[in-house]
Amino acid sequence: MGDPALSRRGFLAASAAAGLGMTALSACGGDDSDGGSSGTTTIEWWNISTTQPTKDVWAALAKQFEAQNPKVKVKIVQLENDAYKSKMTALTASGKLPDIFHTWGGGVLRQQVDAGLVEDLTDRTKGWGDALLSVARQPYLIDDKAYGVPFDIGMIGFWYNKALFKQAGVAGPPTTWSGFLDAVRKLKAAGITPLALAGKEKWPGMYYWAYLAMRTAGVDALRKAGEDKDFTGDGFVQAGQHLQDLVDLQPFQKGYLGAAYSSPTGQAAAVGNGKAAMELMGQWAPVVEADAGKGLGANLGFFPFPAVDGGKGVITEVFGGGGGHALRKGAPQAAVDFLKFFASAATDTTLVKKTGTLPVVPAAESALTDPNIKAVQAQLKGATGFQLYLDQAYAPALGQEVNDSVAALISGSKSPQQVAQSITKVAKEEQ
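For the sequence shown, the positions run 259 to 689 when this note's numbering is used.
Below is the structure:
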């Protein structure tokens, strides 16, 4: 990835495949001034916080920053997850990113960095950026330099309806994959939809295969497969077979292949409205369930992804990531000031209290009150291994192939072996 021109061509090809013409691109990263005589600096902030209460909380924080910095205006652009990823791919191909933009770090951020489009924040965040939680900062460190600042950290796990578990006679959260499949069978026998899935968006299905790969092959095997560009090992095929065993039970809600994640008829709403017993999702799940649906209140519980009998991985190895912000190359100082404001103890405490995020500023940890969020934090603190989301850990084309191939397995058009072969083929083409 050392040639910026080659990186940009790769992004251009990806954007063309996504059907995004250059005429659809916004004018990002332009002049620092608003063009008036006031000398006001306008910074454009792109994020994916489209659900409540996060959307309004973030807007209020932007207003607070403006009040503290009268010569700065914050222009907010908010897009849903998939729309954001597609738009950012196209913007990266154009070579013009927003002043401040959401990032998950990993391979996607690296490709943007290799294309020369992202500001090196190592020196500009000294004294406050390096005081943030170490595990939260890791995805944004590239060649020991900081290219992003985290505002959240978390993991993927199962969110479940305690009342529906009780109704079906499921004693408690399963700790093994065989126990999990038994729980699915009991829920189905009781006339309850076991799982909700946003099949339309693909990335939620990827979580199952990724976790099963971690449990069968081990987290180190996933890292090595990325380096060796070979996902055909037995552990990865077995991961697909275990997922196939789940799919064969027909555990998902009716119409899941066309369901979105956060829409009123999507995955989060199905769980939030008590129409499905579980979803495999990140620490943000309770907020989205309550926004898209009614929310479960005290009936909502959390448990980590089960261990697989005979697998090399363990239940304390976690899969997830967090949210962070990066800056376009040459972004104004006001953008750095905004990141510092967003990473302050006061802002982080507000995010923890009002949006359920996990703190990245140690001083904000005392603001945690929700028992489920505390459970997630406890899992993270006790983690013996950590794997970033696969569609972010790897280069964009490879991450997309993981999503696409796993979606094909879930829909019945690819076998476990074909999934491993397809991912490997794209990995080798990325060389």
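A virtual CB, placed ideally from N, CA and C, is assigned to each residue, including glycine.
- The beta carbon of K598 lies closer than 7 angstroms to those of W386 in the same chain, with the five residues before and after it left out.
- With contacts defined by Cβ atoms closer than 9 angstroms, H583 and F416 do not form a contacting pair.
- Assignment of A535 by DSSP, reduced to helix, strand and coil, places it in the coil class.
- Your pair Y469 and F577 checks out as a contact, with CB atoms roughly 5 angstroms apart and the cut at 8 angstroms.
- Sorting L507, P617, Q645, E537 by C-alpha distance to the C-alpha of K632 places P617 at the top.
- Boundaries of the alpha helix (DSSP H) harbouring T608: 603-613, taken from the DSSP string.
- Boundaries of the alpha helix (DSSP H) harbouring T682: 674-687, taken from the DSSP string.
- Under the rule that a run must span 4 or more residues, the alpha helix (DSSP H) segments found entirely inside the region 336-413 read 339-352, 364-372, 392-395.
- With fewer than 16 other beta carbons inside 10 angstroms of its own, P522 counts as exposed.
- By DSSP's assignment, N661 forms no beta bridge with any residue.
- Excluding residues up to 5 positions away in sequence, W461, M464, G657, Q658, V660, N661 lie with their Cβ nearer than 7 angstroms to the Cβ of D649 in the same chain.
- Membership of V576 in the beta strand (DSSP E) is indicated by the continuous run 575-579.
- For T299, no alpha helix (DSSP H) encloses it; the enclosing beta strand (DSSP E) starts and ends at 299-305.
- Rounded to the nearest whole angstrom, the CA to CA distance from K331 to T607 is 23 angstroms.
- Bridge pairing for W417: E537, F560 [DSSP].
- Under the three-state reduction of DSSP output, A565 falls in the strand class.
- The DSSP assignment places complete alpha helix (DSSP H) segments of no fewer than 4 residues inside the region 615-647 at 629-639, in order along the chain.
- Put simply, the region 504-519 touches the region 442-461. At least three CB pairs are less than 8 angstroms apart.
- Closest in alpha carbon position to Q511, among M536, L501, K487, is M536.
- Residue pairing from DSSP places L585 in a beta bridge opposite I358.
- The residue from Y647, D595, N630 with its alpha-carbon nearest to that of T300 is D595.
- In the displayed model, V442 falls within a helix according to three-state DSSP.
- Cβ neighbours of Q425 within its own chain (closer than 8 angstroms, five residues either side excluded): A448, I450.
- Comparing C-alpha distances from Q310 to each of Y405, K612, K672, Q645 shows the shortest one belongs to K612.
- Residue range 461-474 is occupied by the alpha helix (DSSP H) that includes A471.
- In this structure, the straight-line span from the alpha carbon of I573 to that of Q591 is close to 43 angstroms.
- In the same chain as V566, and ignoring 5 residues on each side of it, the C-beta atoms closer than 7 angstroms to its own belong to W435, L470, R473, T474, H500, in chain order.
- Contact between G498 and W467 is confirmed by a C-beta separation of about 7 angstroms, below the 8 angstroms threshold.
- For L319, the enclosing alpha helix (DSSP H) stretches over residues 312-326.
- G614 and K313 have their C-alpha atoms some 13 angstroms from each other.
- When the Cα atoms are used, F644 and K533 turn out to be separated by approximately 32 angstroms.
- In this structure, V407 lies near A601, with their beta-carbon atoms less than 9 angstroms apart.
- Q525 counts as buried, since no fewer than 16 other beta carbons sit within 10 angstroms of its beta carbon.
- For the pair Y398 and T361, the CB atoms are nearer than the 9 angstroms cut-off.
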